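Chemist: Sharing a structure here in structure tokens format.
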Amino acid sequence: MNRRAFYMFMSPSLLVMLTLMVFPLITSIWLSMQYMTFRNINEPEFVGLANYIEVFEDLKFWNAFSFTMTYIAIAVPLQISSGFLIAVLLDQVSRRLRGIYIAAFLMPFIVVPVVGTLMVKQLFESGGIVAWAYREIIGSRFILTEQSVKSLIIIHALWAATPFPLIVFFAGLQTLPDELVEASMIDGATRLQQLRHIMIPHLRSLFVFIGLISIMDAYRVFDSVFVLTEQNPIYKAEVMMLYTFRTAMSVQRLGKANAMSVITVVMILVVLVPFLIRTYKEQTEER
Amino acid sequence: MKRIDNRYARAVIYLLLTAYAIFSVTPFFWTTIQSFKTPRQANSRVPLFIFEPTADNYADLWLKSIPDDPFLVAIVLVAIFGFLVLVAINAGRFPLPRGYVYLAVLATGFAVLWFIPEYIKTQTFYDYFLNTIIVTAGTICISISIGCLAGYGLARYSGIAGVIILVTALGFRSLPGMAYILPYWWFGQRSGLYDTHILLIITLVAINQPFTIWMLRSFFMNIPKEIEESAMVDGANRLTAFISVIIPIMWPGIISTALFTLLLAYSDFLLVRILTQSNWTLTVAISKYAAGEDPGHITLAAAAAVSAAVPIIIVVFIFQGQLVKGLTAGAVKG
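If you read the sequences in order, they're chains D and Y. Counting from 2, one number per residue, gives the positions in the first sequence under our numbering. Counting from 19, one number per residue, gives the positions in the second sequence under our numbering.
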């Protein structure tokens, strides 16, 4: 295909992405330098970097930041390791049973995030089955506190985000050549040694891929936190996206909220750039 | 891989897998049970598993008042939709191209849903349901048509510009949605498009475009070049060759991509929450039921969650082959 034809085919999509992705991002930087509330949408007041300074001095912002980091540090390794473990176990099961298991495992992945969160929350409501078990075992009622809301958010993350690594690792394991495993068995390798020296190295690139995707997804988590905290700042379980949302829509400080989202974008670039470079190399090789 | 033969080891494997499967489905199971209870039963000290199910929660959620003859209404609706499904299954037997038959079925189905409030007094929840259908369908149509052109271009063009566009698009896709949505809100306020379906559709198309072009491109790459080349030798230009030769064999890929677009548009929360005031979709509407003081909110929330999950589960069930194909295609290329 020649260049002209390529751009003709590309133009509608390119137009949409330029006007609705590139342009808004630039607007966001511009808005982040304005003092703007719901009242002066049409005549914002230019304040330079004042919003950024305010954000960096805002304790609530740092609280949200540290909870986001904790969330990533706990949830992502758990998701990846349990996804990998289940994928390895699933590989041992006969084909027919696999279908049933996969259908069950994929349920949390398919369902709408807000709905899934609501369903997990149902277990912990006053008449819920887990709340009941908690009362029977621990002896006290399950109540929402800062600690329990934070744990709920992480339990939900594990429930909702493990299926993705699981399915990807499982698909990856299907491409593992049988000869490699058989040769290692003849050499007397134990199961654990096979796992350590054959399976994990074979899936290394998938580990990197899943790791980067999971970190970025965890970074911008919003829906589940929104539902589980009931938007109540009392629980101090806000993540960065939720705090940005509240600053924009409840506190009505749009300039400051835009400054926060610009800061988030810059932070995410740290993870994103290596990921993009890797993709670029792959694509140029594939061509 | 070679199976483990040890009987105890196998028992442990099944135990772990089953435990994880139970962990995955318990919330669905429990919420469904709760949605058929009265608030009193749902709040009982010891969880109830045997009780007399009631559909009151669903009636409260969807209807303002129950029609005089609920069974007749239900039978008529089941008959209409059953008939439509039968027509769709037997689409090949009509003297028309399949595409037209499906289109007619979808249009009729939507018209029926649209006119239901004329005869039955429905709650606002039903309006949110219709909003969801409109927004999702609009997003799929626009997104897939412009995405197909771009995906085809990207699959066939070998210049470096193609790779740069793909990688940049992926980068934009990975940024947090908030970075676009706050400016959208501002545009929406200034242009007066705030709280309209149009704004939702075009922004959802834009946000999902990188994903759409990546996925469609990978499907187009599996189609051999020779197919359109032979059509072009016969005198067709590239665009007509694309429409008349490539698109007809691309249907599986298009359906797969459309399915993922549907899941994305249906489940989007942040964008719809910020860009609408009252024209919500289901996802935003049900988040309202998350918190509440009165004991009735638990059963109502359960009914709302199940109501929003059922359409997606039906769609996924119908197209499960395409879903798995799309997932593994993305994964193996990863």
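All C-beta atoms in this analysis are idealised placements derived from N, C-alpha and C, irrespective of residue type, glycine included. Note that this is a predicted model, so its numbers are computed, not measured.
(1) Is there a C-beta anywhere in chain D that falls below 8 Å from the one on Glu244 (chain Y)?
(2) Under a three-way DSSP split, which group does Gln295 (chain Y) fall into?
(3) Measuring alpha carbon to alpha carbon, tell me which of D:Ser127, D:Gln93, D:Ala190 and D:Leu181 ends up nearest Ile31 (chain Y).
(4) Hey, Leu50 (chain D) and Ser192 (chain Y): beta-carbon distance below 8 Å or not?
(5) Mind checking which residues open and close the alpha helix (DSSP H) that includes Ala219 (chain D)?
(6) Taking C-alpha atoms, which residue in Y:Ile219, Y:Met196, Y:Tyr120 and Y:Tyr307 lies nearest to Ala155 (chain Y)?
(7) Going by C-alpha distance, which of D:Ser185, D:Asp188 and D:Val263 is nearest Arg221 (chain D)?
(8) How about Leu300 (chain Y) and Thr150 (chain Y): do their beta carbons lie closer than 8 Å?
(9) Which chain D residues sit within Cβ distance under 8 Å of Pro65 (chain Y)?
(10) Is Lys351 (chain Y) helix, strand or coil by DSSP?
(11) Per DSSP, what are the beta-bridge partners of Phe47 (chain D) in this structure?
(12) To the nearest angstrom, report how far apart Tyr284 (chain Y) and Ser95 (chain D) are at their CA atoms.
(13) Specify, as a first and last residue, the run of the alpha helix (DSSP H) that Lys61 (chain D) falls within.
(14) Would a C-beta distance cut-off of 8 Å place Arg291 (chain Y) and Ile42 (chain D) closer than the cut-off?
(15) Between Ile225 (chain Y) and Gly195 (chain Y), how many whole angstroms is the CB-CB distance? I'm expecting something under 8 Å.
(16) Is the Cβ of Val226 (chain D) closer than 8 Å to any Cβ of chain Y?
(17) State the beta-bridge partners of Thr140 (chain Y) as determined by DSSP.
(18) Does any C-beta atom of chain Y lie closer than 8 Å to the C-beta of Arg96 (chain D)?
(19) Mind checking the stretch 271-288 of chain D against chain Y and listing, in chain order, the residues whose C-beta falls within less than 8 Å of any C-beta there?
(20) Can you tell me whether Lys243 (chain Y) is buried or exposed? The criterion is at least 16 other CB atoms within 10 Å of its CB, across all chains shown.
(21) For Asn52 (chain D), does the count of other Cβ atoms within 10 angstroms reach 16, so buried, or fall short, so exposed?
(22) Would you mind reading off the limits of the alpha helix (DSSP H) that contains Pro113 (chain Y)?
(23) When Cβ atoms are compared, which residues of the stretch 156-177 of chain Y fall closer than 7 Å to chain D?
(24) Going by Cα to Cα distance, which pick from Y:Leu35, Y:Trp269 and Y:Ile336 is closest to Arg99 (chain D)?
(25) Okay, do the stretch 73-83 of chain Y and the stretch 312-329 of chain Y touch, 3+ Cβ pairs below 8 Å being the bar?
(26) If you draw a straight line from the alpha carbon of Phe190 (chain Y) to that of Thr69 (chain D), how long is it in whole angstroms?
(27) Which residues in the same chain as Leu33 (chain Y) place their Cβ atom closer than 7 Å to its Cβ, once the five residues preceding and following it in sequence are excluded?
(28) To the nearest angstrom, report how far apart Phe246 (chain D) and Ile68 (chain Y) are at their CA atoms.
(29) Which whole-angstrom value describes the C-beta separation of Ala219 (chain D) and Tyr72 (chain D), a residue pair presumed to lie in contact below a C-beta threshold of 8 Å?
Modeler: Once the coordinates are examined:
(1) no
(2) coil
(3) D:Gln93
(4) no
(5) Arg205 to Tyr220
(6) Y:Ile219
(7) D:Val263
(8) yes
(9) Gly128, Gly129, Ile130 and Trp133
(10) Reliability fails at Lys351 (chain Y), whose pLDDT of 43 lies under 50, so the model's placement of it is uncertain and no value is given.
(11) D:Gln35
(12) 34 Å
(13) Leu60 to Leu91
(14) no
(15) 7 Å
(16) no
(17) Y:Leu81
(18) no
(19) Leu273, Phe276, Leu277, Thr280, Tyr281, Gln284, Thr285 and Arg288
(20) exposed
(21) buried
(22) Note, Pro113 (chain Y): premise wrong, no alpha helix (DSSP H); not H, not E.
(23) Ile164, Gly165, Leu167, Ala168, Tyr170, Gly171, Arg174, Tyr175, Ser176 and Gly177
(24) Y:Leu35
(25) yes
(26) 21 Å
(27) none
(28) 43 Å
(29) 6 Å
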